[in-house]
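Trainee:
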Amino acid sequence: LARAVPQASALYPYVPGKPIEVLLREKGLSHAVKLASNENPYGPSPKAVEAIRKAAGEVHRYPDGDAGALKAAIAAFHQLPADRIIVGNGSNEVLELIIRTFAGPGDEVVYSWRGFIVYALAAQAAGATGVAVPEADGLTHDLQAMAQAVNEKTKVVCIANPNNPTGTLLDLTSLQGFLDLLPRDVVVILDEAYYEFVADELGDSLTTLTHPGLVVSRTFSKAYGLAGCRIGYAVADAAIAALINRFREPFNVSLPAQAAAIAALADGEWVRARVADTLVERDRMEAVLQQLQVYGGHSHGNFVLLRHAGSRQIAASLEDRGIIPRPLAGYGMADYLRISVGTAAENDAFIAAMQDILAAME
Ligand code: PMP
6 LARAVPQASA
16 LYPYVPGKPI
26 EVLLREKGLS
36 HAVKLASNEN
46 PYGPSPKAVE
56 AIRKAAGEVH
66 RYPDGDAGAL
76 KAAIAAFHQL
86 PADRIIVGNG
96 SNEVLELIIR
106 TFAGPGDEVV
116 YSWRGFIVYA
126 LAAQAAGATG
136 VAVPEADGLT
146 HDLQAMAQAV
156 NEKTKVVCIA
166 NPNNPTGTLL
176 DLTSLQGFLD
186 LLPRDVVVIL
196 DEAYYEFVAD
206 ELGDSLTTLT
216 HPGLVVSRTF
226 SKAYGLAGCR
236 IGYAVADAAI
246 AALINRFREP
256 FNVSLPAQAA
266 AIAALADGEW
276 VRARVADTLV
286 ERDRMEAVLQ
296 QLQVYGGHSH
306 GNFVLLRHAG
316 SRQIAASLED
326 RGIIPRPLAG
336 YGMADYLRIS
346 VGTAAENDAF
356 IAAMQDILAA
366 ME
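For the sequence shown, the UniProt record's numbering gives the first residue as 6, with consecutive numbering after it.
The structure is reproduced here in structure tokens:
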């Protein structure tokens, strides 16, 4: 089998956050808090939930294969033509589609070493060569080195901003400076999965940045609270979007997901309020991590970074107490745990557990 599919057997799998049910089973607990996947702990807008309920009555029908109404809603939201939008089954699928469209055997895909793991997996799956560029000062993308890594074989460059898992943010001036260093025909994926959490601080990348091959991806999984529905999208030049759409399977976004995303997008007030709640809680958690002397640096996403030489032991102890963190050893950050910002009550539970665990470790 390995000989028949050498590409597949060489792939290392994506390891998602441990599901709550798995921890409950493993530990024999009745209650657990998952802070491992940067989900929105408040859930989506009630209007999106209502749209999913309504869509339930239609699920014997195929969805609109081209997601016309959803693309129109996204286009109107960004005041762009709909032919610039690509939708996918989560932004993961969109990222994979972009890489598969532009890179294949003999091509290179450049990304930051501590960038989102899916870039490496998608490059590998496409048969392209992934080029991981180390960060500058430990955690921030080294844009200079990334630009230097681009050569005539480079077809795609991937940058997440803010980055997961490091939480670092680059400003638009630095990003434009980087884009100006690249050949015009290189496709640049600017992955803005966490955009809503930095919108005020960063500004509007879609109207500010210019590069012919720029593709900006966003998701409904984080601020919009629809991770379980799987919907993401990207905005590109119309000619690039048309190419990517040729690789897209029809019906790739389910009928309830299309309905939910349209309703969620229309309820901006709800999203802004939940983002504000999350940022207040994130700052509170970072202050506590500093007090506890386990602060891993400022995060611009809906997660915080804990740093401690005994992070493995802390992760195990958190799980014993029904709290699921995300270890970052797979990113070469063995001392770190990534903790999603939960509701105030969930964060309180995390903080109480940490105080306990650290006291026991002394
Ligand atoms: N990009 C980044 C940087 C992420 O952290 C994630 C989710 N963890 C995604 C993309 C993919 O999210 P989704 O497929 O749910 O849109």
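Quick reminder that beta carbons are idealized off the backbone N, C-alpha and C, glycines included. This structure is a prediction, so every number in the text was calculated from the model and none was measured.
Any chance the CB of N97 is under 7 angstroms from a heavy atom of ligand 1?
Mentor: Along the sequence shown, one-based indexing puts residue 97 at 92. Flag set: Cβ of N97 near ligand 1.
Trainee: Which same chain residues, not among the five before or five after E201, have their C-beta less than 6 angstroms away from its C-beta?
Mentor: In the sequence shown, residue 201 corresponds to position 196, counting from 1. The answer, listed in chain order, is A228 and V280.
Trainee: What are the residues that DSSP puts in a beta bridge with C234?
Mentor: Here residue 234 corresponds to residue number 229 of the sequence shown, with the count starting at 1. According to DSSP, C234 bridges with nothing at all.
Trainee: Say the cut is 7 angstroms; is the CB of A198 nearer than that to a heavy atom of ligand 1?
Mentor: The count along the sequence shown starts at 1 and reaches residue 198 at position 193. A198: yes, Cβ under 7 angstroms from ligand 1.
Trainee: Considering only heavy atoms of ligand 1, does any lie closer than 7 angstroms to the CB of N169?
Mentor: Walking along the sequence shown from the start, residue 169 turns up at place 164. Result yes, Cβ under 7 angstroms from ligand 1.
Trainee: Does the Cβ of A239 lie closer than 7 angstroms to at least one heavy atom of ligand 1?
Mentor: One-based indexing of the sequence shown puts residue 239 at position 234. No - ligand 1 has no heavy atom lying nearer than 7 angstroms to the Cβ of A239.
Trainee: With DSSP as the reference, please indicate the residues paired to R326 in a beta bridge.
Mentor: Numbered from 1 along the sequence shown, position 321 holds the residue referred to as residue 326. For R326, which the question treats as bridged, DSSP gives no partner whatsoever.
Trainee: Tell me S345's beta-bridge partners as DSSP assigns them.
Mentor: On the sequence shown, residue 345 is found 340 positions in, with the first residue counted as 1. According to DSSP, S345 bridges with F308.
Trainee: Would you tell me roughly how many angstroms separate the C-alpha atoms of C234 and I57, rounded to the nearest one?
Mentor: As a working mapping, residue 234 is identified with position 229 in the sequence shown. As a working mapping, residue 57 is identified with position 52 in the sequence shown. If you take the alpha carbons of C234 and I57, they lie about 9 angstroms apart.
Trainee: In this structure, what does DSSP give as the bridge partners for D196?
Mentor: In the sequence shown, the residue the question calls residue 196 occupies position 191. According to DSSP, D196 bridges with A165 and S222.
Trainee: Kindly indicate which residue of K39, Y19 and G93 has the alpha-carbon position closest to the one of I249.
Mentor: As a first step, residue 249 must be located in the sequence shown, where it is residue number 244. Checked all of K39, Y19 and G93; the closest Cα to I249 is G93.
Trainee: Near G306, which residues of its chain fall below 7 angstroms by C-beta distance, leaving aside the five closest residues on each side in sequence?
Mentor: The residue given as residue 306 occupies position 301 in the sequence shown. The answer, listed in chain order, is N43, P167, N169, G172, Y199 and F202.
Trainee: Could you tell me whether any non-hydrogen atom of ligand 1 is closer than 7 angstroms to the CB of S322?
Mentor: Start at 1 with the first residue of the sequence shown, and residue 322 comes out as number 317. No, the Cβ of S322 stays beyond 7 angstroms of every heavy atom of ligand 1.
Trainee: Regarding N43 and ligand 1, is the C-beta to nearest heavy atom distance less than 7 angstroms?
Mentor: Here residue 43 corresponds to residue number 38 of the sequence shown, with the count starting at 1. Correct: N43 has its Cβ closer than 7 angstroms to ligand 1.
Trainee: Return the first residue and the last residue of the beta strand (DSSP E) that G111 is part of.
Mentor: Indexing the sequence shown from 1 puts residue 111 at position 106. First-last for G111: undefined, no H or E at that position.
Trainee: Rounded to whole angstroms, how far is the Cβ of A131 from the Cβ of I104, which I believe are closer than 8 angstroms?
Mentor: Translated into positions along the sequence shown, residue 131 becomes position 126. Translated into positions along the sequence shown, residue 104 becomes position 99. Between I104 and A131 the Cβ distance is about 5 angstroms, and since that is below 8 angstroms, they are a contact.
Trainee: What does R331 pair with, by DSSP beta-bridge criteria?
Mentor: In the sequence shown, the residue the question calls residue 331 occupies position 326. Beta-bridge pairing links R331 to R343.
Trainee: Under 8 angstroms between C-beta atoms, does F183 make it to chain C?
Mentor: The structure shown contains no chain C; it holds only a single protein chain.
Trainee: Helix or strand or just coil, what does DSSP make of V276?
Mentor: As a working mapping, residue 276 is identified with position 271 in the sequence shown. Here V276 sits in helix by DSSP.
Trainee: Mapping the DSSP letters down to three states, classify T159 as helix, strand or coil.
Mentor: The residue labelled residue 159 in the question sits at position 154 within the sequence shown. The answer is strand: DSSP assigns T159 an E or B state.
Trainee: Jot down the residue ranges of each uninterrupted alpha helix (DSSP H) in the region 66-107, minimum 4 residues, whole runs only, in chain order.
Mentor: DSSP runs (the alpha helix (DSSP H)) wholly in the region 66-107: 73-83 and 96-107.
Trainee: Is the closest heavy atom of ligand 2 to the C-beta of T178 under 7 angstroms?
Mentor: Annotation note on ligand 2: not contained in the displayed structure, which lists ligand 1 as its ligands.
Trainee: Spatial neighbours of A314 within its chain, please: C-beta separation below 7 angstroms, excluding the five flanking residues on both sides.
Mentor: Sequence index remark: in the sequence shown, residue 314 carries index 309 (1-based). For A314, where only same-chain residues beyond five positions count, the Cβ hits under 7 angstroms are D340.
Trainee: So does F202 have its beta carbon nearer than 7 angstroms to some heavy atom of ligand 1?
Mentor: Taking the first residue of the sequence shown as 1, we reach residue 202 at position 197. No; taking the cut-off as 7 angstroms, the Cβ of F202 has no heavy atom of ligand 1 nearer than that.
Trainee: Could you check the C-alpha separation between E274 and P51 for me, to the nearest Å?
Mentor: In the sequence shown, the residue the question calls residue 274 occupies position 269. In the sequence shown, the residue the question calls residue 51 occupies position 46. Straight-line Cα distance between these residues: approximately 12 angstroms.
Trainee: How about F308: is its Cβ closer than 7 angstroms to a heavy atom in ligand 1?
Mentor: Here residue 308 refers to the residue found at position 303 when the sequence shown is read from its first residue. No; taking the cut-off as 7 angstroms, the Cβ of F308 has no heavy atom of ligand 1 nearer than that.
Trainee: Please classify G135: does DSSP put it in a helix, a strand, or coil?
Mentor: As a position in the sequence shown, residue 135 is number 130, starting the count at 1. Strand, per DSSP.
Trainee: Pick from I344, H146 and D242: whose alpha carbon is nearest that of D190?
Mentor: Counted from its first residue, the sequence shown places residue 190 at position 185. Checking every option, the nearest Cα to that of D190 belongs to D242.
Trainee: Within 7 angstroms: the Cβ of F121 and any heavy atom of ligand 1?
Mentor: Here residue 121 refers to the residue found at position 116 when the sequence shown is read from its first residue. Yes, the beta carbon of F121 sits closer than 7 angstroms to at least one heavy atom of ligand 1.
Trainee: Less than 6 angstroms between C-beta atoms, sequence neighbours within five positions excluded: which residues of the same chain meet that for R331?
Mentor: On the sequence shown, position 326 is the one that residue 331 refers to. Here the set comprises G22, A41 and R343.
Trainee: For the structure I just gave you, are there three or more beta carbon pairs, one from the region 157-166 and one from the region 120-130, closer than 8 angstroms?
Mentor: Taking 8 angstroms as the limit for Cβ pairs, the verdict is that the region 120-130 does touch the region 157-166.
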